[in-house]
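Chemist: My questions will all concern the structure given below.
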Amino acid sequence: MLFGTAGVPNSAKNRSTESGVERIAELKLDAMEVEFVRGVKMKEEAAKIVRKKAEELGVSLSSHAPYFINLNADSEMKVRRSMQNIYATAKISHVLGAESVVFHPGYYLKRPKEEVFERIKSAVIELRKRIEDEGLDVVLRPETSGSISQFGELDEIIRLCEEAEVLPCIDFSHIHARTQSYNSYDEFCEILEKVESLGKEALKNLHCHVSGIDYDVKGEKKHLNLKESDFKYEELLKALKDFKAKGVVICESPNLEEDALMLKKLYHSLR
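Counted from 1, the sequence shown has number 52 at position 27 by the numbering used here; the numbering is strictly sequential.
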């Protein structure tokens, strides 16, 4: 497993993506998820420079599409705008060399869950086909969500990935916050078994998020540092090790690199 941060590490010399990649390498972490959460503003020339730097330093890149996405929006124009944001992320990610494009699919908006599923699935299939037709070397990854108002239960994401022929982003902390369970070795193994149902390659190319998390009956409230939360990250790491999973663990704790380094050290200490 590779370990990295969601965005530029806090200790980077500046907030540029290139500086973030350099700091990841200095810290002896392995990966960074480039956050386009407020819009895709990176130019192709800048993306090429970042890609070269990442390849030189051996840093694996992924990306996260803008937060303001809802493939179940009330208007077709808003759905199309959301699709364009995901596509724009995929296009610049191809230039960056970031294979995984993570995105939050949308909100229920009081519609029946099956109707929401079909609307989101249709949009994701259309996006996947466009990306394939244009030869963009990226994988779309709908993410498990932390709030009960958001589309993205574990089973919904697994089914979406199976039917739309994409791969998941498993946010273990979101799943825990949403269900107020899934926080033990056996439950983490259950999640990994569901991922494995998509095919053996799904566990060999895993992309997941981890952080401490504060939650209530409605789900996620905010991210916390791991040691300030009830999240049983050591049991998760053991499950990943026992399943021989391969891929990337992206840390979203507020202290970013501190928890990412702790996770990496713990993982490699496991037998």
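Every residue, glycine too, gets a C-beta built ideally from N, C-alpha and C.
Applying the criterion that 16 or more other CB atoms from any shown protein chain within 10 Å of the CB defines a buried residue, is G160 buried or exposed?
Modeler: exposed
Chemist: Between the segment 203 to 218 and the segment 169 to 183, do at least 3 Cβ pairs fall closer than 8 Å?
Modeler: Verdict: yes, contact present.
Chemist: Among residues of its own chain, excluding the 5 on either side of A98, which ones have a beta-carbon nearer than 6 Å to its beta-carbon?
Modeler: V104
Chemist: Three or more beta-carbon pairs under 8 Å between the segment 57 to 70 and the segment 116 to 123, yes or no?
Modeler: yes
Chemist: Does the beta-carbon of V62 have 16 or more other beta-carbons within 10 angstroms, so that it is buried, or is it exposed?
Modeler: When all chains shown are included, V62 counts as exposed.
Chemist: What residues match up with T42 in a beta bridge as DSSP calls it?
Modeler: BP columns for T42 are empty, so no partner.
Chemist: Could you tell me the alpha carbon to alpha carbon distance between M108 and L291, rounded to whole angstroms?
Modeler: 38 Å
Chemist: From F197, G122, L192, E140, pick the residue whose C-alpha is nearest to that of R153; which is it?
Modeler: L192
Chemist: Go ahead and label G83 buried or exposed: buried means 16 or more other beta carbons lie within 10 angstroms of its beta carbon, across all protein chains shown.
Modeler: So G83 ends up on the exposed side.
Chemist: Answer yes or no: does any C-beta atom of chain C fall closer than 7 Å to that of K66?
Modeler: Here there is only one protein chain, and chain C is not present.
Chemist: By the three-class DSSP mapping on this structure, what secondary structure does M26 have?
Modeler: In the structure shown, M26 sits in coil (DSSP, three-state: anything other than H, G, I, E or B).
Chemist: Determine which residues share a DSSP beta bridge with K247 and list them.
Modeler: D239
Chemist: On the three-state DSSP scale, how would you describe Q205?
Modeler: coil
Chemist: For G272, which option in L281, E151, S44, L86 has the closest C-alpha, if you only look at C-alpha atoms?
Modeler: Here the closest residue by C-alpha is L86.
Chemist: On the DSSP bridge list, what partners appear for H199?
Modeler: DSSP lists no partner for H199.
Chemist: Quick check: what's the CA-CA separation for L27 versus S36?
Modeler: Each residue's Cα considered, the two are about 20 Å apart.
Chemist: Can G237 and L249 be called in contact, C-beta distance under 7 Å?
Modeler: yes
Chemist: In the structure shown, what three-state DSSP assignment does H89 receive?
Modeler: It is a strand residue.
Chemist: Could you work out which residue in S198, I94, E218 is closest to V240 when comparing CA atoms only?
Modeler: For clarity, residue 240 is Tyr in the given sequence; the question names Val instead. The shortest C-alpha separation from Y240 is found at S198.
Chemist: In whole angstroms, what separates the C-alpha of N39 from that of P137?
Modeler: 45 Å
Chemist: Express the C-alpha separation of K78 and E101 in angstroms, rounding to a whole number.
Modeler: 39 Å
Chemist: When the distance is taken between beta carbons, is I111 closer than 7 Å to F128?
Modeler: Yes, Cβ-Cβ distance for F128 and I111 is below 7 Å.
Chemist: Return the chain-ordered list of same chain residues with a C-beta closer than 8 Å to the C-beta of L281, the five sequence neighbours on each side being excluded.
Modeler: The answer, listed in chain order, is T30, A31, G32, P34, N35.
Chemist: Can you check which of these residues, R76, G64, I74, is closest to Y92 by C-alpha distance?
Modeler: G64
Chemist: State the DSSP-derived secondary structure class of R76, mapped to helix, strand or coil.
Modeler: helix
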